[in-house]
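Report on the structure given below.
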Amino acid sequence: MPDDANDLAAEVWPASAARDADGTLILAGIRATDLAHTYGTPLLVLDEDEVRRRARTLRAAFDTAAAEHGTTVRVYYAGKAFLSTAVARWVVEEGLSVDVCTRGELEVALAAGVAPSSIGFHGNNKSVSELRRAVEVGVGTIIVDSAIEIERLAAITAPADAVQRVMVRVISGVHAETHDFLATAHEDQKFGFPLADAEAAVTRIREIPGLEFVGLHCHIGSQIFGVAGFRESASRLLELHAALLADGPVRQLNLGGGFGIAYTSADDPTPIAELAAGIVAAVAEGCAARGIPVPALSFEPGRAIVGTAGVTLYEVGTTKDVTVESGASRLYVSVDGGMSDNARPALYGAQFSARLASRTGVDAPRLSRVVGKHCESGDIVVDHEYLPGDVAPGDLLAVPATGAYCASLASNYNHVPRPPVIAVHGGKATVIVRGESIDDLLARDTGVHAEEPSEGAQ
Ligand code: LLP
Numbered sequence: 013m014p015d016d017a018n019d020l021a022a023e024v025w026p027a028s029a030a031r032d033a034d035g036t037l038i039l040a041g042i043r044a045t046d047l048a049h050t051y052g053t054p055l056l057v058l059d060e061d062e063v064r065r066r067a068r069t070l071r072a073a074f075d076t077a078a079a080e081h082g083t084t085v086r087v088y089y090a091g092k093a094f095l096s097t098a099v100a101r102w103v104v105e106e107g108l109s110v111d112v113c114t115r116g117e118l119e120v121a122l123a124a125g126v127a128p129s130s131i132g133f134h135g136n137n138k139s140v141s142e143l144r145r146a147v148e149v150g151v152g153t154i155i156v157d158s159a160i161e162i163e164r165l166a167a168i169t170a171p172a173d174a175v176q177r178v179m180v181r182v183i184s185g186v187h188a189e190t191h192d193f194l195a196t197a198h199e200d201q202k203f204g205f206p207l208a209d210a211e212a213a214v215t216r217i218r219e220i221p222g223l224e225f226v227g228l229h230c231h232i233g234s235q236i237f238g239v240a241g242f243r244e245s246a247s248r249l250l251e252l253h254a255a256l257l258a259d260g261p262v263r264q265l266n267l268g269g270g271f272g273i274a275y276t277s278a279d280d281p282t283p284i285a286e287l288a289a290g291i292v293a294a295v296a297e298g299c300a301a302r303g304i305p306v307p308a309l310s311f312e313p314g315r316a317i318v319g320t321a322g323v324t325l326y327e328v329g330t331t332k333d334v335t336v337e338s339g340a341s342r343l344y345v346s347v348d349g350g351m352s353d354n355a356r357p358a359l360y361g362a363q364f365s366a367r368l369a370s371r372t373g374v375d376a377p378r379l380s381r382v383v384g385k386h387c388e389s390g391d392i393v394v395d396h397e398y399l400p401g402d403v404a405p406g407d408l409l410a411v412p413a414t415g416a417y418c419a420s421l422a423s424n425y426n427h428v429p430r431p432p433v434i435a436v437h438g439g440k441a442t443v444i445v446r447g448e449s450i451d452d453l454l455a456r457d458t459g460v461h462a463e464e465p466s467e468g469a470q
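FYI, the numbering for the sequence shown is 13 to 470, going by my numbering.
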């Protein structure tokens with residue numbers, strides 16, 4: 013039980029989050045109540061300065077670490093975490109490249125004006141048309157995931173003059189989990205080539221005139237705390253990397269993304285500078301041990317850039333006491349969104365936190381569960397949180413750390429329109445993705461505008 017259920021734990025909120033003199037939450041100088049009044053709820057608020065600061069910090073941390081070991085680092089923003097043209101522009105302005113994994117993400121990056129040469133294209137099932145589009149626009153690197161994809165690229169590049177740079181995605185056998193990692197010899201999952209098959213894939217790529225092999229790629233998982241999983245994965249990849257040097261250049265190594273963030277004050281992620289220094293040092297040690305040069309490195313963080321920049325605002329609709337088995341009661345607080353704007357608790361059992369945003373509460377903290385409005389008991393927004401006991405209908409509730417994988421995983425379940433995304437910066441708010449309306453939902457139903465049968469018609 014917290015002493016104060018109104019406090020804003022620094023690690024889960026954007027740096028600009030504070031409370032006004034009357035207790036109202038403010039983000040980038042704007043009152044949450046004003047945002048809700050103007051744009052309605054639910055509402056995803058993205059703090060531009062926070063996104064930029066995190067992008068800059070990541071890049072600087074990796075640049076510093078790389079310089080110490082005589083190499084360079086390219087940081088890609090993993091667009092799957094949340095992609096819009098505004099966010100793509102912010103991260104590019106901060107010196108990042110962009111990683112996409114579908115035609116749709118590619119088109120958003122291109123529409124934002126991201127230089128195609130600084131885009132990395134991922135995916136375990138890129139279609140022929142997706143690959144053709146990527147080659148045509150001059151995507152910098154395609155990360156190939158299967159033997160079939162290599163042949164598709166061979167066919168696409170054959171008539172063209174251009175040479176497409178490719179990396180080979182490898183399953184290192186390291187599966188990283190939050191706080192821990194588990195090394196398994198046989199990773200049973202859909203992405204990449206098993207280590208044992210990767211050499212043959214590279215040999216084949218090197219035979220194809222339209223392809224240039226630039227290096228190996230591995231992504232060990234998401235929401236990872238600590239360096240150990242990356243160190244193990246780098247070590248396994250470098251073994252193959254060193255062997256591949258015998259038959260040609262291997263200029264790069266991409267160790268993926270997955271850097272964890274704090275969702276609640278119980279989370280304690282490794283600071284970025286420490287993470288960058290530790291990972292790059294591990295690669296340099298691995299190279300020294302094998303007597304090979306340190307390759308150019310790349311990383312693909314998504315969550316670590318946008319996660320804590322996002323805050324979702326909801327309005328409380330109902331509250332009720334529910335007696336639980338032990339005879340104790342839990343306060344259920346229902347809000348006007350839910351699993352359609354944040355599927356992470358339902359999908360992964362993810363934990364979030366919540367605070368009253370339109371005022372500070374006065375009553376003692378009560379153990380509460382914030383739930384959505386969907387017809388599903390798993391529609392939980394925050395599984396357990398102490399909220400002021402006087403939380404009531406009409407209050408605004410803010411859920412922090414919703415910048416990554418919330419809007420991007422949003423759905424129209426129960427025909428709930430997806431909320432807008434608003435960027436805030438220096439006291440100004442801008443709609444960066446408009447919200448859906450009921451008309452948007454009806455527009456896809458081809459029966460809505462069908463002619464109604466006239467009276468008496470059979
Ligand atoms: N690179 C690759 C190849 C990836 O597959 C991913 C994430 C990333 C980079 C970025 O990972 P990040 O730094 O954002 O953790 N929906 C899940 C996460 C799925 C991650 C998929 N791949 C969630 O909400 O936790």
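Idealized CB from N, CA, C, for every residue including glycine.
Extent of the continuous beta strand (DSSP E) to which residue i belongs
i	result
Val226	Leu223 to His229
Ser109	Ser109 to Val112
Gly439	Counting along the chain, Gly439 falls outside any beta strand (DSSP E), and DSSP gives it neither H nor E.
Ala410	Leu408 to Pro412
Gly132	Ile131 to Phe133
Glu397	Ile392 to Pro400
Residue i (DSSP reduced to helix, strand or coil)
i	result
Ala90	strand
Phe311	strand
Gly339	coil
Tyr360	helix
Asp457	coil
Tyr417	coil
Glu163	helix
Thr372	coil
Ile450	helix
Glu106	coil
Ala333	Correcting the residue type first, residue 333 is Asp in the shown sequence and not Ala. DSSP places Asp333 in strand when its eight states are reduced to three.
His427	helix
Leu118	helix
Thr76	helix
Gly322	strand
Val99	helix
Gly82	coil
Ala29	coil
His191	Confidence at His191 is low in this model, with a pLDDT of 39, below 50, so the placement of that residue should be treated as unreliable; the coordinate-derived value is given next. Here His191 sits in coil by DSSP.
Anticipated Cβ contact below 8 Å, residue i with residue j, distance rounded
i	j	result
Val24	Thr276	6 Å
Ala289	Asp353	So it is not a contact: roughly 36 Å between Cβ atoms.
Gly308	Thr84	Rather than Gly, the amino acid found at residue 308 in this sequence is Ala. Confirmed, Cβ separation roughly 5 Å.
Asp157	Gly227	The pair is not a contact, with the Cβ atoms about 15 Å apart (cut-off 8 Å).
Val411	Val323	7 Å
Ala98	Ile444	4 Å
Leu249	Phe271	Actually they are not in contact, since the Cβ atoms of Leu249 and Phe271 sit about 18 Å apart, beyond 8 Å.
Ser420	Ala93	6 Å
Gly401	Ala376	5 Å
Ala17	Leu408	The Cβ separation is near 15 Å, so there is no contact.
Tyr326	Pro26	So it is not a contact: roughly 17 Å between Cβ atoms.
Ala100	Val126	5 Å
Gly384	Val347	6 Å
Residue interval of the alpha helix (DSSP H) (run including residue i)
i	result
Arg378	Arg378 -> not in any alpha helix (DSSP H); beta strand (DSSP E) instead, spanning Pro377 to Val383.
Leu477	The requested residue 477 is not part of the displayed model; the chain covers only 13 to 470.
Val295	Ile284 to Arg302
Gly125	First-last for Gly125: undefined, no H or E at that position.
**OP:** Counting only runs of 4+ residues fully inside the stretch 35-70, write out the alpha helix (DSSP H) ranges in chain order.
**Re:** Counting only unbroken stretches of 4 or more residues, the alpha helix (DSSP H) elements lying wholly within the stretch 35-70 are 44-51, in sequence order.
- Message: Suppose only complete runs of 3+ residues qualify. What are the beta strand (DSSP E) ranges in the stretch 199-281, listed by chain order?
- Response: Residue ranges of uninterrupted beta strand (DSSP E) with 3 or more members, entirely inside the stretch 199-281 and ordered along the chain, are 223-229 and 264-266.
Exercise. Would you mind listing the alpha helix (DSSP H) stretches within the stretch 141-186 that are 4+ residues and don't spill past its ends, in chain order?
Key: Annotation: the stretch 141-186 contains the following complete segments of the alpha helix (DSSP H) (minimum length 4 residues), in chain order: 159-169.
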